[in-house]
Amino acid sequence: MKRALAIAFLAAVAGGVIGYYWAGHRPPTDPESERSVTQLPEPSSSELAGPAGSAIDEPLMIALAQAKNFHHKADVYLREGKFAQAMASLEEILTIAFPDGAPEAEDVTLDARARMAKLAIARGELDRAMAIVEQGIAGAKRRSFFLANLHTARGEVYEAMANLLDESSDVDDGVDGKAAAEAREARRRAIEAFDQSISINRELQRALVGEGIR
Amino acid sequence: MSRDDHVDDLLRAPDDAIDPAEQARADSFADLVDRLIEGRDLPPAMASEERALIEVAGIVRASTREVELAPERRAAVVDQMFEHVLGQAGGQVKAGGQVKTGGPGTEPTMARDAGRAEPSPDQRAPAGSDGADSGQGVSQARDGSGSAQTPDLAAYRRKRLSTIVPWTVAAAAAAAALSLALVRPAPPTDRLRVADTRPIPALPIEQRSRPADPLVGQIPRERVGGARERIDMIYADRMAGFRDRRLRGRLR
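Given below as structure tokens:
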């Protein structure tokens, strides 16, 4: 009798467990599918300021924290006079994997390029500075204050080039006037770059004032 | 009483005077008839001729008036018949109407005349062995004429239930598990797809990933290389939105 009751009890428990795991228990879903439930509809926003993306989540915060740390790391290297290490630290920011579609990704990388360009200018590595700036401008997908800032950095690179050419033309003392001409051309391009930056800044300012700064 | 006495009685003329011996035999026979009518036990030892006369008297009495069994006796008879049917189903009853109680010498004979059970001397002793139910499978069914041992239906049913119920419960549990498995809800992917169709309340802009232009504003020329300060600002702002979203999510 007792053995039969024990068999029945065990069978009932086993049946319940099987039923629970087959019917009631949901297998864990991957984070991506869970996130899709809370996926936000694309909101209307300023075209210039760019659309807002999904909710702020851990991957975005991790990426921003990495960029922040690389900047501070570069600060430390610069205080110790280690320019190469500081540049290497800033270059790491360009390889950070931001969440797909996060507008902060472009802002952060453009700003890192602007800082790298400034450091290169300060070191007299104008060609390197120009390459950093040109790559950033070419890869930009929207007009932003950071893009405008990079145009400003580009203008500064041209300005530095012009100054350098002016110095060389003073040394040559107008043997053929080539250096002076290149200096003028560099200044012209610098002005174009600054104008481009100003144009972007004006557009953005108007857009932000028009819809209220958020 | 001897056979010669009966012969003498038969030879005696009807109008002859009754002698004391004949009167005594008549009283004795009348007493037996009374006991038969009242349903009491008959003496275990009787002459065969006398037992035949008593049986004839019982038949005559039964044929001349309707016999009503006592309620207890009627219940005992019904129980015996149930036991007979159930015992056959369980393989414990022989076709001859004898109920096996499990032990040697414990086979009560079911009397068929007037539904009366006549227990054998061995039956009067408790049933010797019946596994775990030793001594419980047979009970005393009493009527006005005495007691007869009949299988305890309650104990028998308990025994059958103890065998059937566990397997019934197990089968029911297995059936329930199988039915749950067959009618289980749709896979999680389907549920997610359904959830996607519902209107989702928009998060406030502060809790969403967005361009940092409104936060940073126009960058003056003297701050072109000030990316470290700006990343600190962006990080702090996004962290505030992230914490706000997390806290609100927990409070919901």
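Residue numbers (the working numbering), protein chains in the order written: chain A, 1 to 214; chain B, 1001 to 1252.
Even glycine gets a Cβ: it sits at the ideal position worked out from N, Cα and C.
Here the structure is a predicted model, which is why all the values come from computation and not from measurement.
Given that residue i touches chain B, what residues does it touch there, using C-beta distances under 8 Å?
| i | result |
| --- | --- |
| H72 (chain A) | R1228 |
| A148 (chain A) | Q1218 and I1219 |
| N163 (chain A) | Under the 8 Å cutoff, chain B gives no residues; its nearest Cβ is about 16 Å from N163 (chain A). |
Residue i: buried (16+ other C-beta within 10 angstroms of its C-beta) or exposed?
| i | result |
| --- | --- |
| Q983 (chain B) | Limits of chain B in this structure are 1001 at one end and 1252 at the other, which puts residue 983 (chain B) out of reach. |
| T1163 (chain B) | exposed |
| E1038 (chain B) | exposed |
| L126 (chain A) | buried |
| T109 (chain A) | buried |
| P1014 (chain B) | exposed |
| V1060 (chain B) | exposed |
| I1018 (chain B) | exposed |
| V1056 (chain B) | exposed |
| I1205 (chain B) | exposed |
| P103 (chain A) | buried |
| A1141 (chain B) | Bear in mind that a pLDDT of 42 at A1141 (chain B), under 50, signals an unreliable position, so the number given afterwards is only what the model happens to contain. With 16 or more other Cβ atoms within 10 Å, it is buried. |
| M1081 (chain B) | exposed |
| I215 (chain A) | A question about residue 215 (chain A) goes unanswered here, because the residues of chain A that appear run from 1 up to 214. |
| D1016 (chain B) | exposed |
| P31 (chain A) | Below a pLDDT of 50, predicted positions are generally treated as unreliable, and P31 (chain A), at 44, falls in that range; the measurement from the model is reported next regardless. So P31 (chain A) counts as exposed. |
| A87 (chain A) | Residue identity check: residue 87 (chain A) is Met in the sequence provided, not Ala. Buried, since its Cβ has 16 or more Cβ neighbours within 10 Å. |
| A122 (chain A) | exposed |
| A97 (chain A) | exposed |
| M1233 (chain B) | exposed |
Which bits of chain A does residue i rub up against, with CB to CB less than 8 Å?
| i | result |
| --- | --- |
| R1245 (chain B) | A55 and I56 |
| G1241 (chain B) | I56 |
| I1059 (chain B) | Correct list: empty, because the minimum Cβ distance to chain A is about 48 Å. |
Using a C-beta to C-beta distance shorter than 9 Å, which residues of chain B count as neighbours of residue i?
| i | result |
| --- | --- |
| E104 (chain A) | S1209, R1210, P1211, A1212, I1234 and R1238 |
| D166 (chain A) | Within chain B, no residue comes near D166 (chain A); the closest Cβ sits about 20 Å away, beyond 9 Å. |
| Q205 (chain A) | G1217 and Q1218 |
| D100 (chain A) | Per Cβ cutoff of 9 Å: no residues; D100 (chain A) is ~10 Å from chain B at best. |
| A193 (chain A) | Neighbours of A193 (chain A) on chain B: none; closest Cβ ~11 Å, over 9 Å. |
| V108 (chain A) | A1212, A1227, R1230, I1231 and I1234 |
I want to verify the contact list: residues of chain B whose CB lies under 7 Å from the CB of residue i, in sequence order.
| i | result |
| --- | --- |
| K118 (chain A) | V1224 and G1225 |
| F145 (chain A) | D1213, V1216, G1217, Q1218 and I1219 |
| T152 (chain A) | R1221 and V1224 |
| M61 (chain A) | R1238, M1239 and F1242 |
| V209 (chain A) | Under the 7 Å cutoff, chain B gives no residues; its nearest Cβ is about 11 Å from V209 (chain A). |
| K68 (chain A) | I1231, D1232 and Y1235 |
What does DSSP give as the partner residues of residue i in its beta bridges?
| i | result |
| --- | --- |
| A1171 (chain B) | DSSP output for A1171 (chain B) lists no bridge partner at all. |
| R189 (chain A) | Answer is none; R189 (chain A) lacks a bridge partner. |
| A55 (chain A) | B:R1208 |
On the premise that residue j lies in contact with residue i, defined as a C-beta separation below 8 Å, what is that separation, rounded to the nearest angstrom?
| i | j | result |
| --- | --- | --- |
| A160 (chain A) | S169 (chain A) | The Cβ separation is near 15 Å, so there is no contact. |
| D107 (chain A) | P1211 (chain B) | 6 Å |
| A112 (chain A) | L90 (chain A) | 5 Å |
Residue i touches chain A at which residues, Cβ-Cβ below 7 Å?
| i | result |
| --- | --- |
| I1054 (chain B) | Those do not exist, as I1054 (chain B) stays about 48 Å from chain A at its closest Cβ, beyond 7 Å. |
Problem set entry | contact_flag[the region 59 to 78 of chain A, the region 1175 to 1182 of chain B] where n(CB pairs < 8 Å) is 3 or more | no
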